Amino acid sequence: MRQTTLILTLAAAGLAAAAGAGYLALRPADPFAPCAGSQVGATIGGPFTLTDETGRTVTDRDVLARPSLVYFGYTFCPDVCPTDSARNAEAADLLEQRGHIVQPVFISVDPGRDTPERLRDFTDFLHPRMVGLTGTPDQVAAASRAYRTFYRKVETGDEFYLIDHSTQTYLMLPGHGFVAFFSRSDSAQDVADRTACFLERA
Amino acid sequence: MRSLFLAAAALSAALAALPASAHEFTAGDLTIGHPYAFATAPGALAGGGFMTITNAGDSPDRLTGIRAGFPKVGLHQTVEKDGVASMEPVEAIEIPAGATVDLRPGGYHVMFMGLEGAPLVAGTMVPATLVFEKAGEVPIEFAVEPRGAAAGGMEGMGHGDGHGGADAASE
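Residue numbers (this note's numbering), protein chains in the order written: chain Z, 8 to 209; chain W, 1369 to 1539.
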C-alpha cells in the first residue's frame, strides 16, 4: 500500500474509533446493560384502560405498580395460552423464592368471551397473584397497539372461534416501563433468572 | 382364607385403577400411548388432549377424526410463526408405517370445546373414540392431569418426545 493511502486509512480508522467512543460516552447509561436482552429505550407499552377480574376499571398505572410479566392471550385457547401463562406463573414462584414479588398479568384479546368472571377463574387456577384484564374491543385494541402485539379473530361459523395472537411476555418495571421480553420457548428458569437480573438493578 | 382373597382382589383392583405407565390402547398395528389432557379452570370453555400414536405396521394409516362427549371436538395443530401462534383445524393426521406421531403441546392436539360447567378435572378419565382410516374406531380414555411438574403432574411418564421412528407431527 502506498504511504499516502496508508496514512489516510489510519486517519479514517482513528476518526471512526473516536466517533464510536464519543457515541458510547454520550449514550444514556443503561443500568440494566449487564442483563441479557435489555430492551431499555424500546417503545413498548403505554397507557391503557381496562377492566380487571373484579369488574373494576383500571389503568396501566394501577396494574403496573409492581414488576409485571405481561402476556396477551385468551382463555378459550387450550394449548399455547395456558402453557405460557403457567410458565409465567412458575417464573413468579421461582422469583418469589429469591425474594422478588412479580405479578403475572394476562390481558385478554377475546373480549367477546372473556368476562371478568371468566378471567378470575382462569387466573386463580394458575396463580394467586395473576391479574386478568379485559375491556371493550376498543380498549383491548388500544392496549394491544401500545404493546405492538398482534391478534386476529378466526371465525369458525360457531361460538367456538379461535384467535391468532402474538406470544411474547413483556417485563414491565415501575419507573422504567418495558425492559425485556421473553418468547414462549423460554423456560420458567430463564424468565426468572433474567427478570431477577433486572430487579436486582432497578 | 376368604379375607385374604378379598384383600388380594381389592389390592388388584386398586392397582388396576392406578394410572400405570402402560396407559395405552392398541388397535391392529397401532398403539395409542398415554392419552392425557390438562386439567382446566372450573369455568373453562375449552381443553386440550395429547397422546402418541405408534404404527408398528408396514402401511400408513390416518387419524381422521375423534368423538367425545362435548359440544365440539376436533383435531388442531398449533402453528407458530414470528412469535404469533395460531391453531389450525386439521382434517387428518398421517401415521406413517413404522413411525410414532406425537400429539403434544405446541403441535398437534385434540381440542375439546364447549366445556362450560363441565371442566376437565385432574384425576378423572375422559372417554373418547379415535377414528382411523384403516384401524377404524378405537375407544380410548384421556387421563386428566394437573398442569406443571410443580403441581405434581404426571407428565414425565413416557409421553415426552423421542420415541423411536420419525416424528411426523412436529414442524
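All C-beta atoms, glycine included, are put in the ideal place defined by N, C-alpha and C.
Being a predicted model, the structure only gives us computed values, none of them experimental.
First through last residue of the beta strand (DSSP E) which encompasses residue i
i, result
"W:ALA1494", "One point to set straight first is that residue 1494 of chain W is Val, not Ala, in the sequence displayed. Here the beta strand (DSSP E) through W:VAL1494 covers 1493-1500."
"Z:ARG159", "158-161"
"W:ASP1429", "1429-1436"
"W:PHE1393", "1392-1395"
The alpha helix (DSSP H) enclosing residue i, as first and last residue numbers
i, result
"Z:VAL147", "144-153"
"Z:PRO89", "87-104"
"Z:ARG125", "123-133"
"Z:PHE189", "Segment 184-189 is the beta strand (DSSP E) holding Z:PHE189; no alpha helix (DSSP H) there."
"Z:GLN175", "No alpha helix (DSSP H) holds Z:GLN175; DSSP gives it neither H nor E."
"Z:ARG201", "195-206"
Within chain W, partners of residue i - CB distance below 9 Å
i, result
"Z:PRO135", "Result: empty, since nearest Cβ-Cβ is about 13 Å, beyond 9 Å."
"Z:PHE83", "ALA1412, LEU1413, ALA1414, MET1481"
"Z:PHE205", "Simply none; closest approach about 21 Å."
Where residue i meets chain Z, residues with beta-carbon distance less than 7 Å
i, result
"W:MET1493", "By Cβ distance, chain Z contributes nothing, its closest Cβ being about 18 Å from W:MET1493, past 7 Å."
"W:ARG1435", "Those within 7 Å of W:ARG1435 in chain Z number zero; the least Cβ separation is about 16 Å."
"W:PHE1373", "Within chain Z, no residue comes near W:PHE1373; the closest Cβ sits about 44 Å away, beyond 7 Å."
Contact list for residue i against chain Z, beta-carbon separation under 8 Å
i, result
"W:LYS1440", "ASP165, PHE167"
"W:VAL1452", "PHE157, ASP171, HIS172, SER173, THR174"
"W:MET1419", "The premise fails here: W:MET1419 is roughly 14 Å from chain Z at the closest Cβ pair, so nothing lies under 8 Å."
"W:PHE1510", "Within chain Z, no residue comes near W:PHE1510; the closest Cβ sits about 12 Å away, beyond 8 Å."
"W:HIS1391", "Per Cβ cutoff of 8 Å: no residues; W:HIS1391 is ~21 Å from chain Z at best."
"W:PHE1500", "Result: empty, since nearest Cβ-Cβ is about 23 Å, beyond 8 Å."
Residue(s) in a DSSP beta bridge with residue i
i, result
"W:ALA1405", "W:GLY1417, W:VAL1512"
"W:GLU1505", "W:VAL1499"
"Z:PHE113", "Z:TYR78, Z:GLY139"
"Z:LEU180", "Z:GLY184"
"W:ILE1400", "W:PHE1393, W:ILE1421"
Partner residues on chain W for residue i, Cβ-Cβ distance less than 8 Å
i, result
"Z:VAL198", "Within chain W, no residue comes near Z:VAL198; the closest Cβ sits about 14 Å away, beyond 8 Å."
"Z:SER190", "GLY1451"
"Z:PHE246", "Coverage of chain Z is limited to positions 8 through 209, which leaves residue 246 of chain Z absent and any answer about it impossible."
"Z:PHE79", "Those do not exist, as Z:PHE79 stays about 11 Å from chain W at its closest Cβ, beyond 8 Å."
"Z:ARG105", "Per Cβ cutoff of 8 Å: no residues; Z:ARG105 is ~16 Å from chain W at best."
"Z:PHE55", "The premise fails here: Z:PHE55 is roughly 20 Å from chain W at the closest Cβ pair, so nothing lies under 8 Å."
Interface residues of chain Z facing residue i [CB-CB closer than 9 Å]
i, result
"W:ALA1490", "Within chain Z, no residue comes near W:ALA1490; the closest Cβ sits about 11 Å away, beyond 9 Å."
"W:HIS1402", "None at all; the shortest Cβ gap to chain Z is about 17 Å."
Per-residue contacts from residue i into chain W (C-beta, under 7 Å)
i, result
"Z:THR90", "PRO1473"
"Z:ARG120", "LEU1413"
"Z:ARG125", "GLY1411"
"Z:VAL87", "THR1446, ALA1453"
"Z:PHE185", "Result: empty, since nearest Cβ-Cβ is about 16 Å, beyond 7 Å."
"Z:ALA93", "ARG1515, GLY1516"
"Z:PHE39", "The contacting residues do not exist; Z:PHE39 stays about 22 Å from chain W at best."
"Z:PHE113", "Per Cβ cutoff of 7 Å: no residues; Z:PHE113 is ~12 Å from chain W at best."
Near the ligand COA: residue i beta-carbon under 7 Å from a heavy atom
i, result
"Z:PRO111", "In terms of ligand content, the structure shown is empty, and the ligand COA therefore cannot be addressed."
Contact with chain B by residue i, beta-carbon distance below 8 Å
i, result
"Z:THR61", "In the displayed structure, chain B is absent; the protein chains listed are Z and W."
Quick check: the segment 102-112 of chain Z against the segment 44-52 of chain Z, are there 3 or more CB pairs under 8 Å?
These segments do not touch.
What residue ranges within the segment 44-74 of chain Z form continuous beta strand (DSSP E) runs of no fewer than 3 residues, ordered along the chain?
56-59, 64-66, all fully within the segment 44-74 of chain Z.
Ordered list of beta strand (DSSP E) runs contained in the segment 1441-1487 of chain W, each at least 3 residues
Taking only runs of at least 3 residues, the beta strand (DSSP E) segments lying wholly in the segment 1441-1487 of chain W are 1452-1457, 1461-1463, 1468-1471, 1476-1481.
Counting Cβ pairs closer than 8 Å, one from the segment 1469-1478 of chain W and one from the segment 1391-1399 of chain W, do we hit at least three?
Not touching, per the Cβ criterion.
Taking three-plus beta-carbon pairs below 8 Å as touching, is the segment 1423-1431 of chain W in contact with the segment 93-109 of chain Z?
With the cut-off at 8 Å, the segment 1423-1431 of chain W and the segment 93-109 of chain Z do not touch.
For the structure I just gave you, are there three or more beta carbon pairs, one from the segment 1454-1462 of chain W and one from the segment 173-190 of chain Z, closer than 8 Å?
The segment 1454-1462 of chain W vs the segment 173-190 of chain Z: no contact.
Examine the Cβ distances between the segment 152-172 of chain Z and the segment 195-208 of chain Z and report whether three or more of them are shorter than 8 Å.
Short answer: they don't touch.
Under 8 Å: do the segment 1495-1502 of chain W and the segment 72-89 of chain Z share three or more Cβ pairs, one atom per stretch?
No, the segment 1495-1502 of chain W is not in contact with the segment 72-89 of chain Z.
Determine, using beta-carbon pairs with one atom in the segment 83-90 of chain Z and one in the segment 1403-1414 of chain W, whether at least three such pairs fall under 8 Å.
With a cut-off of 8 Å, the segment 1403-1414 of chain W and the segment 83-90 of chain Z count as touching, because enough Cβ pairs lie within range.
Do the segment 1407-1422 of chain W and the segment 54-62 of chain Z touch if we need at least three Cβ pairs shorter than 8 Å?
Judged by Cβ distances under 8 Å, the segment 1407-1422 of chain W makes no contact with the segment 54-62 of chain Z, as fewer than three pairs qualify.
Touching or not, the segment 132-150 of chain Z and the segment 17-27 of chain Z, by the rule of three or more beta carbon pairs under 8 Å?
With fewer than three CB-CB distances shorter than 8 Å, the segment 132-150 of chain Z does not count as touching the segment 17-27 of chain Z.
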